[in-house]
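Report on the structure given below.
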Amino acid sequence: MFKAIIYVTLKESVLDPQGVAVQGSLHTLGFANVKEVRIGKRLEVLVEGESKQQAEEQVKVMCEKLLANPVIENYTYEVEEVA
Amino acid sequence: MFKAIIYVTLKESVLDPQGVAVQGSLHTLGFANVKEVRIGKRLEVLVEGESKQQAEEQVKVMCEKLLANPVIENYTYEVEEVA
Amino acid sequence: MQSNQMVKSLPHEPTPEEIRDQKLYQEIGLKDEEYERVVGHLNRLPNWTEISIYSVMWSEHCSYKSSKTLLKKFPTTGPRVLQGPGEGAGVVDIGDQQAVVFKIESHNHPSAVEPFQGAATGVGGIIRDVFSMGARPIALLNSLRFGDLKTPRVRYLFEQAVEGIAHYGNRMGVPTVAGEVVFDKAYEENPLVNAMCVGLLNHHELQKGIAKGVGNPVIYVGASTGRDGIHGATFASEELSEDSEEKRPEVQAGDPFMEKLLLEACMEMVQEGLLLGIQDMGAAGLTSSSTEMSAKGKHGIELNLDLVPKREEGMTPYEIMLSESQERMLLVVEKGKEERIKQICDKGGLQSAVIGQVTEGTQYRLYFQGDLVADIPVLTLVDDAPCYVHPQKVPAYYLENEEVRPEKELAQIDPQEAMLKVLSSPNMGSKKWVYRQYDHMARASTAVLPGSDAGVIVIRGTEKALARCTDGNGRYVYLDPVQGGRIAIAESARNVICAGAEPLGVTDCLNFGSPEKPEVYWQLAQAIEGMSEACHQLQTPVVGGNVSLYNETKGEAIYPTPIVGMVGLVTKREHITTQSFKQADDLILLLGDTYAELGGSELQYLETGTISGRPPQLDLEKEQKVQRVVLQAIRQGLVASAHDLSEGGLALAVAESCMTGQKGAEISLETTLAPTVHLFSESQSRILLSVSAEKAAQVEELAKAEGVTCTRLGKVTDNDKVTFTVNGDRVIDLSLNEITQQWEEAIPCAMKQSSRSTS
Amino acid sequence: MRFAVPVFPGSNDMDAVHAIEDVLERPVTAVWHHESDLSQYDAIIIPGGCSYGDYLRPGALAARSPIMEGVQKAAEQGKLVIGISNGFQILLESGLLPGAMRKNDHLQFRCDIATLIVENNQNPFTGHYQVGERIRIPIAHAQGNYYCDEQTLAELKKNNQIVFKYVDENPNGSVEGIAGICNKRGNVLGMMPHPERAIVDWMGTSDGVKLFTSMLRYWEENGGAE
Ligand SMILES: Nc1ncnc2c1ncn2[C@@H]1O[C@H](COP(=O)(O)OP(=O)(O)O)[C@@H](O)[C@H]1O
Ligand SMILES: [Mg+2]
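Protein chains in written order, with my numbering: chain R, 1038 to 1120; chain B, 1038 to 1120; chain C, 2 to 760; chain L, 3 to 228.
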């Protein structure tokens, strides 16, 4: 069994309204020193498979096909073997 | 300037409807070997401050006060100094 | 800042000579002769900022250069019209010093590339158009066209576009009350996403996009400017190609939360009477809003681009001027009122900045880091935009179709089989999968929810209500653009009538292929002709609209698809009528005549995978009479339900009235046509009524007085059966329960294999 | 009886204001979220909508604004507080009610008229309903999938804090079909369905009226005076 941790983040050039709103709230809560907030996703995917390499290849396809939207998002991932 | 990467995840005991739905979609796409999907958040917060320790303390308070909901979520974070 | 400064070119940008010698203007969509025209207007070579400004302002999207002459055909005035085309939205009087404001707009190209954000920002844009008139948005509609749901990419586009519309509209607290969705292979690569917004205002609060009063400040309000959507207007005026993928980083992201702040702040400014001019920064952003306000006010404007709030570092004048960042407004107020504007914005947590002023003359000037970077006679941008009349050619397919009679073959299909097939096609199936994702009850004023002919919103504090719908059948328009154009107007008026409202006016979105193709230009001209005739006859002026050309991929144009948004006024709440059968033993009446007309019908498409022949023919005088009878009958309290016959014909209309009312029906009729042809014909100018038995005669009287055929078809029942008997033979005998299930499952079933769901 | 409707950026506050005006004909004031003093009001209606664009978690940002201090105080004083839809999410996020909201299990926004069953009429908000009564009330939300742990659920049941449940169809996957809960004392109610959108027949249902009239009666019977 392999566990993939996938991070999906908005491309730099794309506005992150959610991040902006959270930054505003942090300011009202007294954290005036917060300069930027950007919010992305962290996905944990458990896959059964033969080898780490095969799992990695699969995860890449999943990201491209479903988990990330290549038009506005970037993704990275790490795969490790688990019990 | 310090950059905090914060991961907010659903507690193990809480069913993740979004994860379940994504797992279903992955199955229809042909990834029958996907056993579980859980979806959390990855937040990137830029804070100005004196020391790494101070930044870490602040980030902890932000998580407790706003960024995570303790009823259903856990959080972890890493802080590093950036230019 | 002095106006005798020389216009500068920035170091890293192409020089005026390079722009000329390497024909760089072509890359941003200008033709050689258009470039020459710019040089003539300026009396020198334009720099990069200037040529870019001309390029967006002269794009099809902003200047309507290919459609302007044709659009002149539309009637745009009438006793109720307070504002026709030309401003953010049209305005029509509804009495008591109130007016309704409405407009439809396309976001087809952005939605093809990034459907969620594309559709969402389409909704955001049209809402801004309405509140920039001073009106509070009270309802949204949308008209969608996608390919066949069997294709995964199509399912993805459809699912994401609907979610994007929901995302934006729901968060704005504006109910989405009606719309339509059609699936047809013709839209496979080039979906259509048209959004419409309706607003309400008090006459004295009507605003205009105009700059006046020398020395008055120009104020920027709303989101910061980023590099998103640069050249969106040009993008919208080109065909989709492999290249479009490259343009993706320019996708605009919407922020409905910001828009809500902007809306509330603008409403407050309107109420306080603070504004001289206001315009949304929509397509071509700061460029179009500021130049149009300047041109309309016959005043100059100068802007200091250093003062424009920016989201990204190092933005050039070209980028600042062409950015299509969302949720921004440009204001002109009297000098001295800036402070009050700032207070209102600050309270709402909204950014604002004075970025320039109104000047003497009609020169448009931009300053950047102390340099003059553009100096343009503003009228040449707006009023002297090029205007093209393209050659027209009757397409070969149109001539070939003259001889095609699809009815003969289709008559062979068993009526019951046809019924089941049509009912469970995604086109005819229930659209609940779509509209239950939209908050259609926000503002607690929706009296007719989606699922009937038109959505109805009551006006608080009055007896009045507004009915509205969108309609358009690209198949009919393709087969015969004049008839199709008439039908688009007539059907939408009919839908509004069925809700108990009197049609007030039209906003339209003309979705067509490339006007440079003679066949497409012919379609456009003919469709406008048909629409205009119908608008004249039905007295529904066109008060605003939008043209979306170049809807093609790999050289294939979509079906020519004019979408009509119609708004009607219900004068008394008790007149509000829905399509659903209400009461067992009510009689079912049909107004109008049925002919063998299956060209372009849903039955033909389902049976043969394509369309051919001629579409149904529309007699405008007859249409008007049918509509008059129904409105009279409703106002006299004679009608229990009213439903217009459209795609799927009589069979579908009866079934829909049964399913939405959960009542059975027994229909019996005599005809010289084959049963299937009679039941599924899409002949126009027909309306299905149910009335209590004692009122039927009165309705028949009304019909007779107008010379409209009125046929007793049968009655509403309380049992689980929907039956049709034709010439004595029971040709359809189905369980209500069963057909309801098939109809409701049509789209959910097709969408089962959904494709992306992590947003 | 004086009502306050807290207004956050993004709230649909006017629907709640109109409902009080139309059903109860009592004074009602929309109060901007910067205000923290609500002492002059007898009841508070936290409205639906999408405060702060529903960003981060619906209700999360609103729950941290100054007006929630006033709401907290009112709740402690035994005044009536009702959170509708986004208002319910805000009450959960601020800890005034137990549990949390997740995305609807089908992941879509869902707008419909839901059928509810009244589980409890022994509180200030439901006195005019019968226990077991079926009522039709509109819903409109993307995150109404109520969650709480086993222990909390047991307590909710023990203390009779479950006020409304969905019947026929659970539209969002919420635990045991929970549509609305109150606090132990009974003076704070949170519900996902919108009673303020169900007050006249042309809205499709007027089953929400009794919720507001129940509040008024309770207040009058418990020493409230005009
Ligand atoms: N995209 C949409 N958004 C909102 N409502 C929709 C949408 N598509 C369809 N509807 C609603 O579903 C119902 C049926 O639509 P349709 O079959 O196109 O009606 P008609 O043939 O009378 O124009 C209408 O009430 C319509 O408003
Ligand atoms: Mg209709």
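Yeah, the Cβ is synthetic: ideal placement off N, Cα and C, and Gly gets one too.
Min CB distance K343 (chain C) to chain L below 8 Å: For the purposes of this step, residue 343 (chain C) is identified with residue 342 of the third sequence, where counting begins at 1. Output row for K343 (chain C): interface = no.
Where G1061 (chain R) meets chain A, residues with beta-carbon distance less than 9 Å: Among the protein chains in the structure shown, which are R, B, C and L, there is no chain A.
Cutoff 8 Å: N1111 (chain B) Cβ touching any chain R Cβ: Counted from its first residue, the second sequence places residue 1111 (chain B) at position 74. It does not; no Cβ of chain R falls within 8 Å.
Straight-line gap, E246 (chain C) to N185 (chain L) (C-alpha atoms, nearest Å): On the third sequence, position 245 is the one that residue 246 (chain C) refers to. On the fourth sequence, position 183 is the one that residue 185 (chain L) refers to. Here E246 (chain C) scores only 46 on pLDDT, less than 50, and its place in the model is too uncertain to base an answer on.
Presumed contact (8 Å Cβ cut-off) between Y55 (chain C) and L25 (chain C), rounded CB distance: Residue 55 (chain C) sits at position 54 when you count from the first residue of the third sequence. Residue 25 (chain C) sits at position 24 when you count from the first residue of the third sequence. At roughly 13 Å, the Cβ-Cβ gap does not stay under 8 Å, so Y55 (chain C) and L25 (chain C) are not in contact.
For T1065 (chain B), the first and last residue of its enclosing alpha helix (DSSP H): Numbered from 1 along the second sequence, position 28 holds the residue referred to as residue 1065 (chain B). Start and end: P1054 to T1065.
Assigned exposure category for A706 (chain C) - 16 Cβ within 10 Å defines buried: Start at 1 with the first residue of the third sequence, and residue 706 (chain C) comes out as number 705. Label assigned to A706 (chain C): exposed.
Exposure label - N217 (chain C); buried when at least 16 CB within 10 Å: Translated into positions along the third sequence, residue 217 (chain C) becomes position 216. Classification for N217 (chain C): buried.
Y436 (chain C) - partner residues in DSSP beta bridges: On the third sequence, position 435 is the one that residue 436 (chain C) refers to. DSSP, once it has assigned bridges, lists no residue as partnering Y436 (chain C).
Residue interval of the alpha helix (DSSP H) (run including N402 (chain C)): Within the third sequence, the letter at position 401 stands for residue 402 (chain C). Counting along the chain, the alpha helix (DSSP H) containing N402 (chain C) begins and ends at A397 to N402.
D376 (chain C) - partner residues in DSSP beta bridges: Position 375 of the third sequence, counted from the first residue, corresponds to residue 376 (chain C). According to DSSP, which records beta bridges pairwise, D376 (chain C) is partnered with C:R366.
Beta-bridge partners of L332 (chain C), as assigned by DSSP: On the third sequence, position 331 is the one that residue 332 (chain C) refers to. The beta-bridge partner set that DSSP reports for L332 (chain C) consists of C:I220 and C:I279.
Endpoints, beta strand (DSSP E) assigned at M420 (chain C): To locate residue 420 (chain C), count along the third sequence from 1; it is residue 419. Here M420 (chain C) belongs to no beta strand (DSSP E); instead the alpha helix (DSSP H) covers P416 to L424.
Distance cut-off 7 Å: R487 (chain C) Cβ against heavy atoms of ligand 4: Ligand 4 is absent from the structure shown, which contains only ligand 1 and ligand 2.
Q364 (chain C) and G452 (chain C) closer than 8 Å at C-beta: Within the third sequence, the letter at position 363 stands for residue 364 (chain C). Within the third sequence, the letter at position 451 stands for residue 452 (chain C). Contact: no.
A34 (chain L) - containing beta strand (DSSP E), residue span: Counted from its first residue, the fourth sequence places residue 34 (chain L) at position 32. The displayed chain sequence assigns Trp, not Ala, to residue 34 (chain L). Residues V30 to W34.
Chain R contacts from the stretch 51-62 of chain L (Cβ-Cβ distance under 7 Å): Y54, G55, Y57 and L58
3-residue-minimum beta strand (DSSP E) runs that sit fully inside the stretch 622-683 of chain C, ordered along the chain: Entirely contained in the stretch 622-683 of chain C, the beta strand (DSSP E) runs reaching 3 residues are, in chain order, 642-645 and 665-670.
Which residues DSSP lists as bridging S353 (chain C), in chain order: Position 352 of the third sequence, counted from the first residue, corresponds to residue 353 (chain C). S353 (chain C) is bridged to C:V222.
Distance between beta carbons of I119 (chain L) and V169 (chain L), contact taken as under 8 Å: The residue given as residue 169 (chain L) occupies position 167 in the fourth sequence. The residue given as residue 119 (chain L) occupies position 117 in the fourth sequence. About 5 Å separates the two Cβ atoms, so the contact holds.
Residues bridged to G545 (chain C) (per DSSP): Position 544 of the third sequence, counted from the first residue, corresponds to residue 545 (chain C). Answer by DSSP bridge pairing, in chain order: C:T508.
Through-space distance from Y522 (chain C) to K248 (chain C), alpha-carbon basis: One-based indexing of the third sequence puts residue 248 (chain C) at position 247. One-based indexing of the third sequence puts residue 522 (chain C) at position 521. For K248 (chain C), the predicted structure reports a pLDDT of 43, less than 50, and the residue's modelled location is therefore unreliable. A value from the coordinates is still provided. Approximately 27 Å, taken between the alpha carbons.
Residues near S10 (chain C) by beta carbon distance below 7 Å, same chain, minus five either side: The residue given as residue 10 (chain C) occupies position 9 in the third sequence. T16, P17, N48 and W49, listed in sequence order.
8 Å Cβ cutoff met for N474 (chain C) and S107 (chain C): Against the third sequence, residue 474 (chain C) aligns to sequence position 473. Against the third sequence, residue 107 (chain C) aligns to sequence position 106. No, these two residues do not count as a Cβ contact at 8 Å.
First through last residue of the beta strand (DSSP E) which encompasses T712 (chain C): Sequence index remark: in the third sequence, residue 712 (chain C) carries index 711 (1-based). From DSSP, the beta strand (DSSP E) with T712 (chain C) extends over C711 to T718.
Where M660 (chain C) falls, given that 16 or more other Cβ within 10 Å makes a residue buried: In the third sequence, residue 660 (chain C) corresponds to position 659, counting from 1. Looking at its Cβ environment, which holds 16 or more other Cβ atoms inside 10 Å, M660 (chain C) is buried.
E269 (chain C) - DSSP class collapsed to helix/strand/coil: Against the third sequence, residue 269 (chain C) aligns to sequence position 268. Correct three-state label for E269 (chain C): helix.
F5 (chain L) to A181 (chain L) span [Cα, whole Å]: Within the fourth sequence, the letter at position 3 stands for residue 5 (chain L). Within the fourth sequence, the letter at position 179 stands for residue 181 (chain L). When the Cα atoms are used, F5 (chain L) and A181 (chain L) turn out to be separated by approximately 23 Å.
L604 (chain C) to A1105 (chain R) span [Cα, whole Å]: For the purposes of this step, residue 604 (chain C) is taken as residue 603 along the third sequence, with counting starting at 1. For the purposes of this step, residue 1105 (chain R) is taken as residue 68 along the first sequence, with counting starting at 1. Taking the straight line from one Cα to the other gives about 39 Å.
Any C-beta of chain R under 8 Å from that of P250 (chain C): Numbered from its first residue, the third sequence carries residue 250 (chain C) at position 249. At P250 (chain C) the pLDDT is 46, less than 50, meaning the model places this residue with poor confidence; the figure from the coordinates comes in the next sentence. P250 (chain C) counts as touching chain R.
Through-space distance from E1115 (chain R) to I458 (chain C), alpha-carbon basis: On the third sequence, residue 458 (chain C) is found 457 positions in, with the first residue counted as 1. On the first sequence, residue 1115 (chain R) is found 78 positions in, with the first residue counted as 1. About 52 Å.
Alpha-carbon spacing of A1092 (chain B) relative to F1039 (chain B), whole angstroms: For the purposes of this step, residue 1092 (chain B) is taken as residue 55 along the second sequence, with counting starting at 1. For the purposes of this step, residue 1039 (chain B) is taken as residue 2 along the second sequence, with counting starting at 1. The alpha-carbon atoms of A1092 (chain B) and F1039 (chain B) are separated by roughly 7 Å.
Exposure of T578 (chain C), with buried meaning 16 or more beta-carbon neighbours within 10 Å: Locating residue 578 (chain C) in the third sequence gives position 577, where the first residue counts as 1. By the neighbour-count rule (16 or more Cβ atoms within 10 Å), T578 (chain C) is buried.
Span of the beta strand (DSSP E) around I48 (chain L): Sequence index remark: in the fourth sequence, residue 48 (chain L) carries index 46 (1-based). That run of the beta strand (DSSP E) goes A45 to I48.
Chain L contacts from the stretch 89-110 of chain C (Cβ-Cβ distance under 9 Å): Of all residues in the stretch 89-110 of chain C, none has a Cβ within less than 9 Å of some Cβ in chain L.
Three-state secondary structure (DSSP) of Y1112 (chain B): For the purposes of this step, residue 1112 (chain B) is taken as the residue at position 75 of the second sequence. Correct three-state label for Y1112 (chain B): strand.
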